[in-house]
């Protein structure tokens with residue numbers, strides 16, 4: 034497998050619903066009251082000349098995640114729309130905004146007939162994604178690719194550890210028992226740039242280890258901080274430049290601060306951050322109680338756009354018009370994390386308490402989550418493996434490796450450290466996991482330390498596989514990336 038000229042195509046689309054929806058991301062129902070900024074999907078098609086098996090259509094959307102069922106529907110549509118393209122070589126990721134519609138049925142409940150049902154939004158979404166992927170594929174022309182590495186402080190570890198060995202998601206840190214954070218952070222910004230034959234910039238992939246959930250309790254639709262990033266980049270470059278966002282391994286990362294919040298808030302205030310978003314909120318007749326997070330959205334836009342503008346002139350010096358490309362698609366069979374008898378008993382108590390306290394706004398979620406544990410315990414002996422689709426790409430000297438989880442950073446660190454690539458773009462929340470025990474998308478994949486520490490994201494109801502599955506994912510990903518390098522070197 035040798036270097037070849039590449040064809041590149043881009044497209045984007047609006048996936049904002051026209052009516053109220055149930056917003057995904059919390060353990061209680063939120064109904065959208067309006068739209069602060071549009072949610073979108075962006076597609077990048079890459080095809081080396083003479084090698085259709087190495088082609089890829091990379092799509093990212095402003096949602097929490099996309100279930101495997103929905104991805105299948107999109108691929109079925111691509112069979113009809115894009116003849117000659119293998120739809121399995123399209124993969125779809127998500128920025129993990131908590132201010133966008135739910136695709137899954139049964140996660141939330143409402144009696145309001147004006148609210149768009151998840152099934153109706155899913156049909157709309159499938160049509161839009163199939164269209165944007167088709168247009169990107171049809172748009173491809175010869176061009177060049179370059180890449181680079183920048184830095185921006187975005188994601189912070191969100192799991193506090195205490196002296197008794199326990200952990201807590203968003204736990205208190207200003208207490209005597211606080212012992213530190215469970216893992217580190219990754220402030221790298223992996224960047225891939227595309228160029229036309231005249232060496233004019235056409236688009237970029239921006240990959241960061243941070244989910245976009247600064248506005249996670251909002252009652253409006255929003256792309257969260259990625260809207261500010263796209264706006265800042267378009268102001269600094271051109272509104273015609275495509276920006277495809279990717280979330281790297283960040284299951285234990287968050288844009289929120291567990292310490293140093295007062296200092297950050299003061300600096301944002303001195304810089305006048307957040308005023309522009311406040312004006313847009315007022316113009317749309319919307320409200321936001323957590324105004325300090327609006328300032329951080331603007332600050333994230335500034336930080337990421339600065340990283341892009343720092344790296345861009347350097348990446349421009351090394352545009353590759355011919356380069357090695359490859360694309361592997363694999364299905365991993367990961368061991369299901371088994372529900373213990375003790376976990377089942379706790380779930381039964383939780384279920385009884387939830388049913389007795391249905392006035393709580395999270396009562397529906399508590400009942401659903403406890404019931405899921407009990408149901409898993411009853412049938413898990415017949416379903417010991419879960420299928421996880423992963424994609425491995427080589428594009429020049431960089432690798433791109435996907436997974437369907439909210440993947441804890443440690444696994445990403447292990448993959449990056451052992452990858453033969455110059456840079457490795459990890460992309461979480463791509464597709465879903467297939468298992469009769471799995472519902473929805475975006476289940477966490479925690480480390481052994483996290484499971485021992487407990488708390489949200491490390492509990493049995495939040496996982497379909499556990500640390501053993503995480504290690505298999507690491508080994509299979511590293512082996513596949515090495516295979517791509519050996520095949521081309």
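Residue numbers (this note's numbering): 34 to 522. Beta carbons are placed, not taken as given, at the ideal position from N, Cα and C, and that holds for glycine.
Asked, Found
"For residue 258, three-class secondary structure by DSSP", "helix"
"Residue of 281, 164, 400, 370 minimising C-alpha distance to residue 434", "281"
"Exposure of residue 263, with buried meaning 16 or more beta-carbon neighbours within 10 Å", "buried"
"Presumed contact (8 Å Cβ cut-off) between residue 135 and residue 56, rounded CB distance", "7 Å"
"Contact set for residue 334: own chain, Cβ-Cβ below 6 Å, skip 5 residues either direction", "261, 262, 265"
"Buried versus exposed, by CB contacts within 10 Å (16 or more), residue 203", "exposed"
"Residue 222 and residue 277 closer than 8 Å at C-beta", "no"
"Those runs of the alpha helix (DSSP H) which lie wholly inside the stretch 202 to 281 and span at least 4 residues", "258 to 269"
"CB-CB length for residue 107 against residue 41, believed under 8 Å", "Between residue 41 and residue 107 the Cβ distance is about 21 Å, and since that is not below 8 Å, they are no contact."
"Entirely enclosed alpha helix (DSSP H) segments - the stretch 75 to 114, minimum 4 residues", "101 to 114"
"Inter-residue Cα distance where the pair is residue 183 and residue 279", "15 Å"
"Nonlocal neighbours in the same chain, by C-beta distance under 8 Å from residue 37, ignoring five residues either side", "81, 82, 83, 84, 355, 356, 357, 358"
"Pair within 8 Å by beta-carbon distance, residue 421 and residue 436", "yes"
"Bridge partner(s) assigned by DSSP for residue 377", "Paired residue(s): none; residue 377 is not in a bridge."
"Assigned secondary structure, residue 325 (DSSP; H/G/I helix, E/B strand, else coil)", "helix"
"Buried versus exposed call for residue 474 [16 or more other C-beta atoms within 10 Å across all chains shown]", "buried"
"Backbone CA spacing between residue 382 and residue 310 [nearest angstrom]", "44 Å"
"Residue 412 in three-state terms, based on DSSP", "helix"
"Start and end residues, alpha helix (DSSP H) containing residue 529", "No answer is possible for residue 529: the residues shown for the chain start at 34 and end at 522."
"8 Å contact criterion, which residue 45 and residue 275 should meet: CB distance rounded", "6 Å"
"Residue span of the alpha helix (DSSP H) that contains residue 159, given as start and end", "151 to 171"
"Residue 73 - partner residues in DSSP beta bridges", "47"
"Per DSSP, the bridge partner or partners of residue 180", "225"
"Whole runs of the beta strand (DSSP E) within the stretch 347 to 393, excluding any shorter than 3 residues", "358 to 368"
"Pairwise C-alpha distance: residue 118 and residue 233", "27 Å"
"Contact check, residue 245 vs residue 128, beta carbons under 8 Å", "yes"
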